[in-house]
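>
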Amino acid sequence: DAGVIQSPRHEVTEMGQEVTLRCKPISGHDYLFWYRQTMMRGLELLIYFNNNVPIDDSGMPEDRFSAKMPNASFSTLKIQPSEPRDSAVYFCASSTVGGYNEQFFGPGTRLTVL
Amino acid sequence: GESVGLHLPTLSVQEGDNSIINCAYSNSASDYFIWYKQESGKGPQFIIDIRSNMDKRQGQRVTVLLNKTVKHLSLQIAATQPGDSAVYFCAENPLTGTASKLTFGTGTRLQVTL
Numbered sequence: 005d006a007g008v009i010q011s012p013r014h015e016v017t018e019m020g021q022e023v024t025l026r027c028k029p030i031s032g033h034d035y036l037f038w039y040r041q042t043m044m045r046g047l048e049l050l051i052y053f054n055n056n057v058p059i060d061d062s063g064m065p066e067d068r069f070s071a072k073m074p075n076a077s078f079s080t081l082k083i084q085p086s087e088p089r090d091s092a093v094y095f096c097a098s099s100t101v102g103g104y105n106e107q108f109f110g111p112g113t114r115l116t117v118l
Numbered sequence: 005g006e007s008v009g010l011h012l013p014t015l016s017v018q019e020g021d022n023s024i025i026n027c028a029y030s031n032s033a034s035d036y037f038i039w040y041k042q043e044s045g046k047g048p049q050f051i052i053d054i055r056s057n058m059d060k061r062q063g064q065r066v067t068v069l070l071n072k073t074v075k076h077l078s079l080q081i082a083a084t085q086p087g088d089s090a091v092y093f094c095a096e097n098p099l100t101g102t103a104s105k106l107t108f109g110t111g112t113r114l115q116v117t118l
């Protein structure tokens, strides 16, 4: 199995631009999670989906952030417009049985907003 | 000015010695706990988990101990190797009504010296 796949691995953009991060979960996993990791706040859960449906988006910082999961094998996290404080590493993770089983993390996307 | 980030506690251990990494969790209602290992430039990797109905669980070279009375979790690594150098996170399921939501600790950096 290829594991969780994220793209791009690195993204550098200018303030105000739209950024789209992509994730392909492990086949057969029915939960997908988006996390953000920064030195200031550590690892934070932004949103998660179950069977393509958003379950909890309380961690999404503000309306500039949106996430979609159009099918079981693809999800996007979009930031529009981006700001320098959005600079972080964004991780996608997937799992099979909610929080009672391990979450498999992707390699992350390092986002830098100038 | 200089930004202030999370201060990661660091544990330095000599190769071959045993390591003990500690974690205090916040929610007495949490019933599932995981230890993750994160190497530089990579996503967190599952190490071991434990349910609240257990006090101890062993894996290969790793043991997790859970003390619910004082809300304390520890990870013991036997015969520490250079490849064990990483940041270690504990995570808890805070049972917010959605079983999948994990809350991560700030992490401990393990440095293995030769």
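Here the protein sequences line up with chains A and B, keeping their order. So the number in the working numbering is just where the residue sits in the first sequence, counting from 1, plus 4. So the number in the working numbering is just where the residue sits in the second sequence, counting from 1, plus 4. Built from N, CA and C at the ideal position, the CB exists for glycine as well. The structure displayed is predicted, hence computed values, not measured ones.
#1: Classify P58/A as helix, strand or coil using the three-state DSSP reduction.
#2: Looking at I51/B: is its Cβ nearer than 9 Å to the Cβ of L106/B?
#3: With DSSP run on the structure shown, which of helix, strand or coil describes P12/A?
#4: Apart from the five residues just before and just after P86/B, which ones in its own chain have a Cβ nearer than 8 Å to its Cβ?
#5: Is P13/B close to chain A, meaning its C-beta is less than 9 Å from at least one C-beta of that chain?
#6: Quick check: is the beta carbon of K105/B nearer than 9 Å to any beta carbon in chain A?
#7: Select from the region 69-96 of chain A all residues with a C-beta closer than 7 Å to any C-beta belonging to chain E, and list them in chain order.
#8: Reducing DSSP to helix, strand and coil, say where P74/A ends up.
#9: Using the three-state DSSP reduction, which class does G46/A fall into: helix, strand or coil?
#10: Which residue's Cα is closest to the Cα of S79/A: A6/A, W38/A and H14/A?
#11: From V8/B to Y94/A, what distance separates their C-alpha atoms?
#12: Since T112/B meets chain A, which of its residues come closer than 8 Å, beta carbon to beta carbon?
Considering the structure as presented:
#1: Reduced to three states, the DSSP call for P58/A is strand.
#2: I51/B is not a Cβ neighbour of L106/B, given a cutoff of 9 Å.
#3: Coil, per DSSP.
#4: For P86/B, where only same-chain residues beyond five positions count, the Cβ hits under 8 Å are E19, V116 and L118.
#5: Not an interface residue.
#6: Yes - at least one Cβ of chain A is within 9 Å of the one on K105/B.
#7: Absence of chain E from the displayed structure is noted, the protein chains being A and B.
#8: In this structure, DSSP gives P74/A an extended state, which the three-state scheme calls strand.
#9: G46/A falls in the strand class under three-state DSSP.
#10: Shortest Cα-Cα distance from S79/A to any of A6/A, W38/A and H14/A involves W38/A.
#11: With a pLDDT of 46 at V8/B, under the threshold of 50, the modelled position of that residue is not reliable, and no figure is offered here.
#12: Within chain A, no C-beta atom comes nearer than 8 Å to that of T112/B; the closest sits roughly 12 Å away.
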